[in-house]
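So the structure is just underneath, and the comments pick up after that.
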Amino acid sequence: MATSHSSATSTTPSRNGNRRVTSPDTTSCTSQAPVITPPKRRPHRIYQPAKNSLYDIFEQHSGTALFVRPICWTDLHAQLLGVKWEELPPCDTPQPTISPATPPSPGHLNPSNTIITLNNAFACILLPDPMHPILTSNAVKTALMTLWPKAFSEPHYLPEFHLYFGGLVYRNAVPAQILWNFPSDEAKSSSSSFRSVSARPAKSSNVSTQFSPNQSPANLPMICYIGKTQLASVRNNSFRLACGPGRSWNEPVFRLQQLRARMLVPSNSDHDAHFVGVFLGMAQKHFYPSPPITGRRDLRISPEQGIPPCPNFHDLKLRILTHDTDSLEFIVYTGYVTKEFLEKFHDPFKAPLDDDDAAVSGLKIEYTRVPIWPILGLRERLGKALGQEVVGAFNPGEIEAWEKERGE
Numbered sequence: 001m002a003t004s005h006s007s008a009t010s011t012t013p014s015r016n017g018n019r020r021v022t023s024p025d026t027t028s029c030t031s032q033a034p035v036i037t038p039p040k041r042r043p044h045r046i047y048q049p050a051k052n053s054l055y056d057i058f059e060q061h062s063g064t065a066l067f068v069r070p071i072c073w074t075d076l077h078a079q080l081l082g083v084k085w086e087e088l089p090p091c092d093t094p095q096p097t098i099s100p101a102t103p104p105s106p107g108h109l110n111p112s113n114t115i116i117t118l119n120n121a122f123a124c125i126l127l128p129d130p131m132h133p134i135l136t137s138n139a140v141k142t143a144l145m146t147l148w149p150k151a152f153s154e155p156h157y158l159p160e161f162h163l164y165f166g167g168l169v170y171r172n173a174v175p176a177q178i179l180w181n182f183p184s185d186e187a188k189s190s191s192s193s194f195r196s197v198s199a200r201p202a203k204s205s206n207v208s209t210q211f212s213p214n215q216s217p218a219n220l221p222m223i224c225y226i227g228k229t230q231l232a233s234v235r236n237n238s239f240r241l242a243c244g245p246g247r248s249w250n251e252p253v254f255r256l257q258q259l260r261a262r263m264l265v266p267s268n269s270d271h272d273a274h275f276v277g278v279f280l281g282m283a284q285k286h287f288y289p290s291p292p293i294t295g296r297r298d299l300r301i302s303p304e305q306g307i308p309p310c311p312n313f314h315d316l317k318l319r320i321l322t323h324d325t326d327s328l329e330f331i332v333y334t335g336y337v338t339k340e341f342l343e344k345f346h347d348p349f350k351a352p353l354d355d356d357d358a359a360v361s362g363l364k365i366e367y368t369r370v371p372i373w374p375i376l377g378l379r380e381r382l383g384k385a386l387g388q389e390v391v392g393a394f395n396p397g398e399i400e401a402w403e404k405e406r407g408e
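Right under this line is the structure:
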């Protein structure tokens, strides 16, 4: 006859800690299994963002997609970041005086190779139909190198700036077409160019070794070129279009994507929020090391958890160049990136005191228009808009005629 005891097994702790071994047990089948109490989890610390910090702004607009790439930034982003746009008077002088009694200049009768080169470059830049961005970039590079060979001798095509937010870096988040860096204090050489420096990843992704306020900005971002037509093209193609059944054309989704793209168009084409992201990416490049090259788009700035120590930020003055094909003008943007503006992206939980409407941590952007035609006087007009700290010393009242080739 069988016994009334079960042959079930139970687990008992072993001597070496948490491991359990199975052993025969004579407990009745009706006995309940021991209750194992799960370990208590350590409660997560809840951080309350400071008033007017970026995280506080996110909470106030929780139903709005704000945490997106700068190409998808809208007028609301510029408003919440405290961007102040100011249009300055156009730089439309000097221009050659033309009167019926004035004979044509030798440059009109027999234009030099320099004038022909500039004329061809501007004709390419001002085409009404958008060209391939590389062709437009080449024309802009040719024009600026002709006007100021030293200042624009080392262009960098298709730069992509990283964005640093909290303890993370988002790689290649802000594209542009051409970048020029601040020139080095000594004679430029190919071995000391920024191209070899920027492509080399940092040995350590710690931000403890940063530029001091007195550090020279040599070989760091100075001015970018971005075409408005190229920006519009990127926005129109920012959203992927999924095929319909049987790989058919998906008209409803196409119309939806068109609507999303139109929502990104700024109400004022001169106040493009993408320029805010470009200024931010250019400025952060002055203080953060390049992240290591990996397949991930987002990385931690330092191996430690949390937000690393703040770099030694200081105010910067940077520029963006674009053009208007309708008015046949260059537009020069000057961004005054402050220390407080950079700090609130480094630690999005914090904000300066009395920073309502980003009065302290905002970004001021000035812009001025420069007529491209006539070519005579353009060097001086554009030079005044860019500033001598970019193009070097020159006489803004003396028009370069280019009647003779350089070096003759």
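Counting in the UniProt record's numbering, the sequence shown runs from 1 upward without gaps.
Each residue gets a CB set at the ideal place from its N, CA and C atoms; glycine is no exception.
Residue 75: first and last residue of the uninterrupted alpha helix (DSSP H) it sits in
Locating residue 75 in the sequence shown gives position 75, counting from the first residue. Its alpha helix (DSSP H) spans residues 75-80.
Given residue 356, which residues of its chain have a CB within under 7 Å of its CB, disregarding the five upstream and five downstream residues?
Against the sequence shown, residue 356 aligns to sequence position 356. The answer, listed in chain order, is 52.
In whole angstroms, what is the alpha-carbon distance linking residue 180 and residue 301?
Here residue 180 is taken as the residue at index 180 of the sequence shown, counted from 1. Here residue 301 is taken as the residue at index 301 of the sequence shown, counted from 1. For residue 180 and residue 301, the distance between alpha carbons rounds to 26 Å.
One or two residues paired with residue 330 in a DSSP bridge:
Position 330 of the sequence shown, counting from 1, holds the residue named residue 330. BP columns for residue 330 point to 323, 370.
Ends of the alpha helix (DSSP H) at residue 274?
Here residue 274 corresponds to residue number 274 of the sequence shown, with the count starting at 1. Its alpha helix (DSSP H) spans residues 273-285.
Taking the alpha helix (DSSP H) that residue 55 falls in, what are its first and last residues?
Position 55 of the sequence shown, counting from 1, holds the residue named residue 55. Residues 54-60.
Name the residue from 159, 366, 349 whose alpha carbon lies nearest to the alpha carbon of residue 220.
Locating residue 220 in the sequence shown gives position 220, counting from the first residue. For the residues 159, 366, 349, the minimum Cα distance to residue 220 belongs to 159.
Rounded distance between the beta-carbons of residue 217 and residue 286, thought under 8 Å
Working through the sequence shown from its first residue, we reach residue 286 at position 286. Working through the sequence shown from its first residue, we reach residue 217 at position 217. 6 Å between Cβ atoms; contact.
Compare the Cα-Cα distances from residue 236 to each of 339, 259, 143 and report the closest residue.
Against the sequence shown, residue 236 aligns to sequence position 236. Answer by Cα proximity: 259.
Taking contact to mean at least 3 C-beta pairs separated by less than 8 Å, is the region 391-399 in contact with the region 371-382?
Short answer: they touch.
Measure the CB-CB distance between residue 299 and residue 332 and report whether it falls below 7 Å.
As a working mapping, residue 299 is identified with position 299 in the sequence shown. As a working mapping, residue 332 is identified with position 332 in the sequence shown. Not closer than 7 Å, so no.
From what residue to what residue does the beta strand (DSSP E) around residue 83 run?
Along the sequence shown, read from residue 1 onward, the residue named residue 83 stands at position 83. Note, residue 83: beta strand (DSSP E), 83-87.
Around the C-beta of residue 372, are 16 or more other C-beta atoms found within 10 angstroms, so that it is buried, or is it exposed?
Numbered from its first residue, the sequence shown carries residue 372 at position 372. With 16 or more neighbouring CB atoms inside 10 Å of its own CB, residue 372 falls in the buried class.
For residue 36: DSSP bridge partner residues:
The residue you call residue 36 lines up with position 36 of the sequence shown. Looking at the DSSP assignment, residue 36 forms no beta bridge with any residue, so it has no partner.
Examine the Cβ distances between the region 142-149 and the region 245-263 and report whether three or more of them are shorter than 8 Å.
These segments do not touch.
Nearest-angstrom Cα distance between residue 137 and residue 41?
Within the sequence shown, the letter at position 137 stands for residue 137. Within the sequence shown, the letter at position 41 stands for residue 41. Cα to Cα, the separation comes out at about 56 Å.
Nearest by alpha-carbon distance to residue 362: which of 116, 289, 330, 337 is it?
Here residue 362 is taken as the residue at index 362 of the sequence shown, counted from 1. Shortest Cα-Cα distance from residue 362 to any of 116, 289, 330, 337 involves 337.
Please classify residue 134 as buried or exposed, where buried requires at least 16 neighbouring CB atoms within 10 angstroms.
One-based indexing of the sequence shown puts residue 134 at position 134. With fewer than 16 other Cβ atoms within 10 Å, it is exposed.
Using the Cα positions of residue 238 and residue 151, report the straight-line distance between them to the nearest angstrom.
Here residue 238 corresponds to residue number 238 of the sequence shown, with the count starting at 1. Here residue 151 corresponds to residue number 151 of the sequence shown, with the count starting at 1. Going from the Cα of residue 238 to the Cα of residue 151 covers about 34 Å.
Would you call the region 341-350 and the region 59-71 in contact, with 3 or more CB pairs under 8 Å?
Contact fails: fewer than three Cβ-Cβ distances are below 8 Å.
With distance defined between alpha-carbon atoms, name the residue in 367, 290, 312 nearest to residue 329.
Locating residue 329 in the sequence shown gives position 329, counting from the first residue. The option with the nearest alpha carbon to residue 329 is 367.
Go through its chain and collect everything with a Cβ distance to residue 222's Cβ below 6 Å, but skip five positions before and after it.
Mapped onto the sequence shown, residue 222 falls at position 222. Only residues of its own chain outside the window of five on either side were considered, and among them 180, 181, 182 have a CB closer than 6 Å to the CB of residue 222, listed in chain order.
Is DSSP giving residue 131 helix, strand or coil here?
On the sequence shown, position 131 is the one that residue 131 refers to. Three-state result, residue 131: coil.
Could you tell me if residue 84 is buried or exposed, where buried requires 16 or more neighbouring beta carbons within 10 angstroms of its beta carbon?
Here residue 84 corresponds to residue number 84 of the sequence shown, with the count starting at 1. Exposed.
Need the endpoints of the alpha helix (DSSP H) that residue 115 sits in, please.
On the sequence shown, position 115 is the one that residue 115 refers to. Residue 115 -> alpha helix (DSSP H) spans 113-125.
Which residues in the same chain as residue 88 place their Cβ atom closer than 8 Å to its Cβ, once the five residues preceding and following it in sequence are excluded?
Numbered from its first residue, the sequence shown carries residue 88 at position 88. The answer, listed in chain order, is 366, 367, 368.
From this set, 272, 131, 244, 56, which residue's C-alpha is nearest residue 74's C-alpha?
Translated into positions along the sequence shown, residue 74 becomes position 74. The option with the nearest alpha carbon to residue 74 is 272.
For residue 261, which of helix, strand or coil comes out of DSSP?
As a working mapping, residue 261 is identified with position 261 in the sequence shown. Correct three-state label for residue 261: helix.
By how many angstroms is the C-alpha of residue 319 removed from the C-alpha of residue 279?
What you label residue 279 is simply residue 279 of the sequence shown in a count that begins at 1. What you label residue 319 is simply residue 319 of the sequence shown in a count that begins at 1. Each residue's alpha carbon lies about 8 Å from the other.
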